[in-house]
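K.L.:
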Amino acid sequence: MKKKESLYIGLDISSTHIKVGAYDRFGAMKAVSSTPTPVHMTKNGGIYHLPDELRERTVETLLSCMERVQGCKIKAIGVSSVAEAGVLIDEDGQTLGPVMAWYDPRPHPYLNDVKQQVPAMEFYRRTGLSPEAIHSLLKFLWMKDHMAEAWQKGRTWLHIAEYIVYCLTGEKKAEHSLASRSLLFNINTRTWDEELIRTFDLKRELFQENVQAGKVHGYVHKTASAYTKIPEGTPVTIAGHHPIVGAFGIGGVLEGDVTNVCDMMEALIITLPNQNMNQFEQTPKFTVGCHVVPDHHYALLDVGRTGGIVEWFLSVTGWNYQKLLTVLSKANGTTKNLGFYPVWHGDRQNETSAQMSWFGGQLTNSNPEQMAASIIRGLSCLFRYSMDELRNLHIPIKRLMVAGESTKYPYWMQMKADILNWPLHICRNWEGSSRGAAVLAAKSIGDIGEISIPPSLTLMPNGDKTEEHQEFYVDCYLKNVEILKQLEIR
């Protein structure tokens, strides 16, 4: 009789999709299913999920994936999700009301009060965060006032991934990387910050036992087995926060690994040794949290809405992606008479951010093809500028991996490598978060030790072009950024 193939399920709930992938012990995908994440809006602009609907859609997606791997043995499950958003549960285990989406704007009026009660540097040194309306703490304050009855009945609060694990296993636990986005978790001690919980008069019973990703946190119980078709007793792990699990999933596991995720929004995720948070004399632009890699922190730095700029250009020109790819494939350098200067202006203290960009030079004498090449060069300069910010703060950078929609553009990737003068490891066709969740599931039961890194293309800087692009970055881009800074000061 042929031995059943052993597989590990990675389940990821992001802002846009619920995705379930089945992977073998080497991290190779065998099947994947996906469905849009259900979301709703109120008349006053609130954005929310319904917990039962989230659970039902997750189960449907899981069943769809399971149908494609019939006959295989499911050995473990890992679940990751967005952070900040969570489910309030009563003493009988029933959900109480809707789930505020992580980007729901309604808690914003509570921000000033939070800042007044605790100094910004105190928050940062404890939690790795500067207060923003997206953090769980602000949602709690809103719920106390606007969901008073549900809040009084609440006995447990779980992030979405933790809630799904609770549905599968009956276990209530809080994972470190998810808790790191609450503004109530001390990343130095890896425990809930009791003083902050008291300061904001929150019920201590809401906050569950803290656990590290990649450990067994429960086992599929009989009821869940019946409706998921996952065998009873299958081990389950809370894999953690979606982008951190994604970086882990494509191999960002070593100190100094930088994962550059470039979709509509571009960000840098850096794997770090545990940081002494007292080293920071002022709040840096990046946040710090507990990694899914044990005994490590991560830094998360927003680069800007680079994918959004590309979308804007396509809407203006009427081009589609294939047209842009064709134009860039034929581009022979960039014109010296036209520059594009994007700057991501973010102020965590005032919770303001804006993507400012402008053309400089002979725009009226330039054609769309020249504009396209200049935009890509400008976006690559913005990327270099963000990397330099990390270097200036002595953040170690050893290996750089790039994932996301931008990897479809070879011209953009080569421009990044040239301007940074650093090799890029391009991870195309990635399913980072579901893969990371599955790998953490395999690790939780000891089936793997070393993390297998998915195939990538190593792109080296082009020596013939590097000097030219470096000159533009120093003499044009940096000078324009400095002019903008001076205007802001005035």
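Under the numbering used here, the residue at position 214 of the sequence shown is numbered 220, and the numbers go up by one with no gaps. Note that beta-carbon positions come from the ideal geometry of N, C-alpha and C, so glycine has one too. In this text, all values refer to a predicted model and were calculated from it rather than measured experimentally.
List the whole-angstrom C-beta distance separating residue 220 from residue 309, where the pair is believed to meet the contact cut-off of C-beta under 8 Å.
P.N.:
Not quite, the Cβ-Cβ distance comes to about 28 Å (not below 8 Å), so this is no contact.
K.L.:
Within 10 angstroms of its Cβ, does residue 58 collect 16 or more other Cβ (buried), or is it exposed?
P.N.:
Exposed, because fewer than 16 other Cβ atoms sit within 10 Å of the Cβ of residue 58.
K.L.:
Can you tell me whether residue 260 is buried or exposed? The criterion is at least 16 other CB atoms within 10 Å of its CB, across all chains shown.
P.N.:
Label assigned to residue 260: exposed.
K.L.:
What's the call for residue 34, buried or exposed, on a 16-neighbour Cβ count within 10 Å?
P.N.:
Exposed, since its Cβ has fewer than 16 Cβ neighbours within 10 Å.
K.L.:
Go ahead and pull the three-state DSSP assignment for residue 354.
P.N.:
With a pLDDT of only 47 at residue 354, under 50, the local geometry of the prediction cannot be trusted, and no value is derived from it.
K.L.:
Just to confirm the assignment: which complete beta strand (DSSP E) runs, minimum length 3, are found wholly within the stretch 28-92?
P.N.:
Fully enclosed beta strand (DSSP E) runs of 3 or longer: 35-42, 53-55 and 79-87.
K.L.:
Excluding the five sequence neighbours on either side, which residues of its own chain have a C-beta within less than 8 Å of the C-beta of residue 286, listed in chain order?
P.N.:
Once the five neighbours on either side are set aside, the close Cβ partners of residue 286 are 127, 130 and 131.
K.L.:
What are the complete alpha helix (DSSP H) segments, minimum 4 residues, inside the stretch 197-243?
P.N.:
For the stretch 197-243, whole alpha helix (DSSP H) runs of length 4 or above, ordered along the chain, are 200-205 and 228-234.
K.L.:
Skipping 5 residues on each side, what residues in its chain have a beta carbon closer than 6 Å to that of residue 293?
P.N.:
These residues qualify, in order along the chain: 134, 135 and 306.
K.L.:
Pull up the distance between the alpha-carbon of residue 274 and that of residue 267, whole angstroms please.
P.N.:
Taking the straight line joining both Cα atoms gives about 6 Å.
K.L.:
Starting from the N-terminal side, write out each stretch of the alpha helix (DSSP H) that is 4 residues or longer and does not extend beyond the stretch 103-146.
P.N.:
Complete alpha helix (DSSP H) runs here, min 4: 117-123 and 126-133.
K.L.:
Under 8 Å: do the stretch 67-86 and the stretch 37-49 share three or more Cβ pairs, one atom per stretch?
P.N.:
Yes, they touch.
K.L.:
Does the beta-carbon distance from residue 238 to residue 179 come in below 8 Å?
P.N.:
It is not a contact, given that the beta carbons lie outside the stated cut-off.
K.L.:
Residue 325: which of 378, 363 and 449 sits nearest, CA to CA?
P.N.:
The shortest Cα separation from residue 325 among 378, 363 and 449 belongs to 378.
K.L.:
Output yes or no for whether 8 Å exceeds the beta carbon distance between residue 42 and residue 22.
P.N.:
Yes.
K.L.:
Does the stretch 427-447 come close enough to the stretch 482-490 that 3 or more CB-CB pairs lie under 8 Å?
P.N.:
As far as the Cβ criterion goes, the stretch 482-490 does not touch the stretch 427-447, which means the pair count is below three.
K.L.:
For residue 96, which residues from the same chain have a beta carbon less than 7 Å from its beta carbon, with the 5 sequence-adjacent residues on both sides left out?
P.N.:
Only 102, 159, 160 and 161 meet the Cβ criterion.
K.L.:
Mind checking whether residue 243 and residue 423 have CB atoms under 8 Å apart?
P.N.:
Not in contact: residue 243 and residue 423 (Cβ atoms no closer than 8 Å).
K.L.:
Would you decide whether residue 6 is buried or exposed? Buried here means 16 or more other CB atoms lie within 10 Å of its CB.
P.N.:
Because the chain is modelled from 7 through 496, residue 6 falls outside the range shown and cannot be assessed.
K.L.:
What does the alpha-carbon distance come out to for the pair residue 142 and residue 15?
P.N.:
When rounded, the distance between both Cα atoms is 28 Å.
K.L.:
Given this structure, state the Cα-to-Cα distance separating residue 272 from residue 312, to the nearest angstrom.
P.N.:
If you take the alpha carbons of residue 272 and residue 312, they lie about 6 Å apart.
K.L.:
Going along the chain, which residues of its own chain have a beta-carbon closer than 7 Å to the beta-carbon of residue 201, five neighbours each way excluded?
P.N.:
There are no such residues.
K.L.:
Nearest-angstrom Cα distance between residue 80 and residue 223?
P.N.:
Residue 80 and residue 223: Cα-Cα distance of roughly 16 Å.
K.L.:
Using only CA atoms, which one of 390, 32 and 463 lies nearest to residue 11?
P.N.:
Closest option to residue 11, Cα to Cα, is 32.
K.L.:
Let me check understanding here. Comparing Cα to Cα, which of 278, 430 and 118 lies closest to residue 400?
P.N.:
Cα-wise, what sits closest to residue 400 is 278.
K.L.:
Quick one: is residue 204 buried, meaning 16 or more other Cβ sit within 10 Å of its Cβ, or exposed?
P.N.:
Under this definition residue 204 is an exposed residue.
K.L.:
Rounded to a whole number of angstroms, what is the C-alpha to C-alpha distance between residue 25 and residue 269?
P.N.:
Looking at the two C-alpha atoms, the distance is approximately 17 Å.
K.L.:
Name the two residues that bound the continuous beta strand (DSSP E) containing residue 15.
P.N.:
First-last of the beta strand (DSSP E) with residue 15: 12-19.
K.L.:
Can you tell me whether residue 304 is helix, strand or coil according to DSSP?
P.N.:
The answer is strand: DSSP assigns residue 304 an E or B state.
K.L.:
Would the beta-carbon of residue 345 fall within 8 Å of that of residue 392?
P.N.:
Contact: no.
K.L.:
Is the Cβ-Cβ distance between residue 385 and residue 264 less than 8 Å?
P.N.:
No, Cβ-Cβ distance for residue 385 and residue 264 is not below 8 Å.
K.L.:
DSSP three-state label for residue 372, please.
P.N.:
In this structure, residue 372 counts as coil in the three-state DSSP scheme.
K.L.:
Grab the span of the beta strand (DSSP E) containing residue 337 for me, first residue to last.
P.N.:
Taken as a continuous stretch (DSSP letters only), residue 337 belongs to no beta strand (DSSP E), as it is neither H nor E.
K.L.:
Pull up the DSSP beta-bridge partners for residue 279, would you.
P.N.:
In DSSP, residue 279 forms a bridge with 302.
K.L.:
Rounded to whole angstroms, what's the CA-CA distance from residue 166 to residue 475? Just pull it up for me.
P.N.:
Each residue's Cα considered, the two are about 44 Å apart.
K.L.:
Name the one or two DSSP bridge partners that residue 366 has.
P.N.:
345.
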